[in-house]
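Order-wise, the sequence lines are chains A and B.
Note that numbering that gives the first Met the number 0 has the first sequence beginning at 0, numbered continuously upward.
Note that numbering that gives the first Met the number 0 has the second sequence beginning at 0, numbered continuously upward.
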Amino acid sequence: MFMNLQGPWDPLFGRLPMLLDLQYNNPWIMFAFALVVLGGGTVVAALTYYKLWGWLWRDWLTTVDHKKIGIMYIIIGLVMLFRGFFEAAMIRTHQAMAVGPDSPGILGAAHGYLTPFHISEIFTVHGTLMILLAVTPILVGFMNLIVPLQIGARDMAYPFLNAVGLWLTAMAAGLCMVSLFVGSFSHAGWVGLTPLTELDHSPGVGVDYWIWILQISSIASTVGAVNLIATMLKMRAPGMSLMRMPIFSWTAMGTNIIALTSFPLLTVAIALLTLDRYVGTHFFTADGGGNFMMYTNLFWLWGHPEVYFVVLPAFGFISEIIPTFSEKPLFNHTSMIFATMMIAGVSWLVWLHHFFIMGSGPQVNTFFSIATMLVGIPTGVKVFNWAFTMFRGRVRLETPMLWALGSVLLLIGGGMTGMMLAIPAINYVSHNSVFVVAHFHNMFLIIAFAIFGAVTYWWPKAFGFYLDEKLGKIFFWLFWGGSVFVFVPMYALGFLGMTRRLDYIAHPSWWPLLMLEVVGIALYAASVAAFVLQVYVSIRDREKNRVRTSDAWETSRSLEWATHCPPPFYNFGATPIVHSNDEWAWRREHRLTTLKPENYSDTHMPKNTAVPIVLGFFVGLFSIAAVWRVWWVMGLCVIGMIATLIFRAFQKDVDYVIPADEMEAMEREKLDQIDHRAQDSAQQTGEMGEPEIDGHAHG
Amino acid sequence: MSTDLSRVADPGSIKLYTTEPDHHDPITLRSIGFWLYMMSDIMIFAGLFAAHGVYGDAYGTSKITAAQVIDPISALFPTLFLFSSVLFFGLAGVALKNNDRKEVLRWMTAAFVVGLVFVLQEIWEFVKLAQEGAVPQASAFLSDFWTIVWAHGLHVIVGLIWMAVVLIQVLRDGFTEAVVGRFLNLRIFWFFQAVVWVFVYTFVYLMGVS
């Protein structure tokens, strides 16, 4: 229909007959396939053996509980992060092998072990997946998990919508996994440079996979943003004014305002590209009046705000961890809020710095250069606030604090190189060099460090036991070493003039630096092993590592620590009343750490529902049918989606009430377990926290 | 900032928890979310209008110009239909305030029918265009013209489906909380389509031929 497709197409199977011609002789894909089959098979077998399917369906797949949804988001993100790491390792080792004309080539490649098309696919999927399917789901997962607890809410504003967002994200991740084995992936870079992504230049299904992954995760993020903003505006506990909202929630607010306004632009950019590829319009083509710089503008209009979308929650993690482990309130809560919102605002004024070399003229470039440098001001405010928080605090270098400190140090390096790249004159020589690649990986490492800090920090809250401290420190130092060894040489290579996305390195003198990067990758691989081991050991020794009270770190400050670890599905037995910026710290300092309210009341809770996962199923099937252009399946799926939504609109039995006495019984059981330990703990922390009452609480 | 202990006479008297039911009015909560969604929808149209600034006269090698395919006079009729539909839905809103179910149903049906006429007339207009060869594949300008009008058209179609659902629910269930919430959100959505059409008519139709 509409387009002249290369290769076979028939009305019943679409482009699927193309698969018959494909060669499955690539050992790397077979290796990945074996890994996925083995991993997936193990999970399925385990679920069947322990008869857990019913539990999985009832407790997880149909849940609308924001904590479970958050955890599932984070699991999706971590699995994708693992896959993204594999791709990074392949790129690094391939480049180190393919140096100079005499370098050997195996598996059909002239140099190294990956053919040019294959490595193009790999760096494209690495970028797409790391940003949209690894970092974004993990951050959205944390926002889901923590924000309602931090603001003292029972659940999100729209629990149903929350589950819809999760299942859309899961479908995007699933599509990315399908593309690994069925057909191919885009080879045009994660930014999808037009007109290379047009059908004339990329006739395969790869770009279509990339399109639908972006489109679905973009819609999921928009949906999630609506939910989180509404939650923070309407669901805060009594006494929590907006200015008393904890910093992580504020960064979530900034992030979701960015998401709400910028993801629709990605939707537009991708939708127009979709029309070009499916209908034959001329938006971004080289002919017919198309303008491919329009795509670049629209893409980065989303793309740059997206950078701040991912970095702000990371700043939020740091801002929660540093005060806890400095045993002091965050320095200047108010200025932190303004800095967050300033970063969110400025994020809209800088998109053109991704293509200074477009040639918009000195005036335009100057504007965007200055706007870009302005970002340094609020970010600097944040760095100083963190530094002053630690100043004269009792700094405890536990694992989350190490991650937070690493993150701040990386921010200084990444920020400096960012200032360099903000200068158009420098950008003209460094554009598309690996200096830029090193810079933005440096920035994303800030997020990765903050994420692992957050994982360690909130793990006891979410699961009720600690992660192993010793292995956590090993994990940290290996990861830090990997980061240094991979990206410091990469900065140097950028200065030497190495461009990005190379499948062959013509300059033999760069080989030593490339080998150093491989050392870094080896350290990263070891760090992944340490992390997996850490999680395994911690789960194995969970009884020994039980959290004793609600306050796992004993110096935590915000409201999520005012409920059990793990929090019950209703979050709080009764809604807490907020008296301070750092409510839990305030209660601890005043010896008011009881979790037992005077009385309980009837509580409304949403019922679990299978509608979101059914909707997700139709969306996933729709996108696979769209990739392979099976029009009739697409049509049926659209009807299915509309029918599912209408079905939901007619569902009346969507919530239930927990009676007060039942709530009391459930709470009493939990309180009995921790009560005497809580007493002990309050005495202990009372000793530690005493001087803070007069000293710093006024800050 | 944090409350000072010295200002609290008796720390034991501080109220830490409340059992009063949450004061979240469900309809307000739904509305605020819908306003937020509308904001993201505005950004979709903002992106499309920004694109229109580039593609408004990007004809490529095509000989079809904007003046040949755009007729603001004939587009006035769908404009009037859409506005009447919005007016009728507004009157249904007035009837809702008076708690008059029959009147609500009457005005909603009128809004639905006139909205449907708007869509049908647009389909008819564009079928004519296609027959004349002004298909979206002909040039970037035509791609843009079709896309921007039908992005709006798609919204109207979604609104119509939604209106049919609310119509049935008002008929069956009356003014329950869920139904009224849906009705009010649809009203926001429906008014918004008229606002977007004002922009489409101004920027695409009127400025397209000037």
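Glycine residues also receive a C-beta, built at the ideal position from the N, C-alpha and C atoms.
query	result
Quick one: what does DSSP say H506(A) is sitting in, helix, strand or coil?	coil
Interface residues of chain B around Y599(A) at Cβ under 8 angstroms?	T18
Are the stretch 130-140 of chain A and the stretch 155-171 of chain A touching, with three or more C-beta to C-beta distances below 8 angstroms?	yes
In whole angstroms, what separates the C-alpha of D199(A) from that of L4(A)?	9 angstroms
By alpha-carbon positions, which one of R391(A), S429(A), F383(A) and H430(A) ends up nearest to L408(A)?	F383(A)
Nearest-angstrom Cα distance between I156(B) and M162(B)?	10 angstroms
Taking Cβ-Cβ distances below 7 angstroms as the criterion, which residues of the stretch 230-241 of chain A are in contact with chain B?	L232, K233, M234 and P237
With DSSP run on the structure shown, which of helix, strand or coil describes Y523(A)?	helix
Just list the residues that DSSP pairs M604(A) with in beta bridges.	Y655(A)
With distances taken from CA atoms, which of Q136(B), A110(B) and L79(B) is nearest A91(B)?	A110(B)
Taking C636(A) as part of the alpha helix (DSSP H), name the residues at either end of that continuous run.	W630 to F649
Please report the distance separating the alpha-carbon of P202(A) from that of H353(A).	27 angstroms
Rounded to whole angstroms, how far is the Cβ of F184(A) from the Cβ of P605(A), which I believe are closer than 8 angstroms?	Wrong, their Cβ atoms sit about 38 angstroms apart, outside the cutoff.
Answer yes or no: do W209(A) and F262(A) have a C-beta to C-beta separation smaller than 8 angstroms?	no
Quickly, what does DSSP pair F464(A) with across the bridge? List them, please.	R545(A)
Between Q5(A) and chain B, is the shortest Cβ-Cβ distance under 8 angstroms, so that the two count as touching?	no
In chain A, which residues lie with their C-beta within 9 angstroms of the C-beta of Y204(B)?	Near Y204(B) there are no residues of chain A at all, since even the closest Cβ is about 20 angstroms away, more than 9 angstroms.
Using a C-beta to C-beta distance shorter than 8 angstroms, which residues of chain A count as neighbours of S12(B)?	Simply none; closest approach about 11 angstroms.
Is there a Cβ of chain B sitting closer than 8 angstroms to that of Y157(A), yes or no?	yes
Suppose contacts are defined by Cβ-Cβ distances below 8 angstroms. Is A453(A) in contact with K66(A) by that definition?	no
Kindly say whether T260(A), judged by its beta-carbon, lies nearer than 8 angstroms to any beta-carbon of chain B.	yes
List the residues of chain A whose Cβ lies closer than 7 angstroms to the Cβ of F140(B), in chain order.	G288
At the level of alpha carbons, what is the spacing between G89(B) and N97(B)?	13 angstroms
Output yes or no for whether 8 angstroms exceeds the beta carbon distance between V546(A) and G463(A).	yes
D550(A) by DSSP, collapsed to three states: which one?	coil
Which value, in whole angstroms, describes the spacing of the CA atoms of P10(A) and A625(A)?	13 angstroms
Could you spell out where the alpha helix (DSSP H) holding V190(A) opens and where it closes?	That residue, V190(A), is in no alpha helix (DSSP H); it is neither H nor E in DSSP.
Buried or exposed for I411(A), going by 16 or more other Cβ atoms inside 10 Å?	exposed
Quick check on DSSP: helix, strand or coil for V203(B)?	helix
DSSP three-state call for H695(A): helix, strand or coil?	Unreliable placement is indicated for H695(A), whose pLDDT of 42 sits below 50; no coordinate value is reported for it.
Can you tell which of Y112(A), A648(A), L501(A) and M357(A) has the C-alpha that lies nearest to the C-alpha of P26(A)?	Y112(A)
Quick check: G405(A) and F448(A), are their CB atoms within less than 8 angstroms of each other?	yes
Hey, is H154(B)'s beta-carbon within less than 8 angstroms of any beta-carbon in chain A?	no
What residues from chain A crowd round S57(B), counting only those whose CB sits closer than 9 angstroms?	Checking the displayed sequence, the identity of residue 57(B) turns out to be Ala instead of Ser. Near A57(B) (Cβ distances below 9 angstroms), the residues of chain A are H281, G287, G288, G289 and N290.
Kindly indicate which three-state DSSP category T196(A) falls into: helix, strand or coil?	coil
Take V363(A) and list the residues in its own chain whose beta-carbon comes closer than 7 angstroms to its own, dropping the five residues that flank it on each side.	L351
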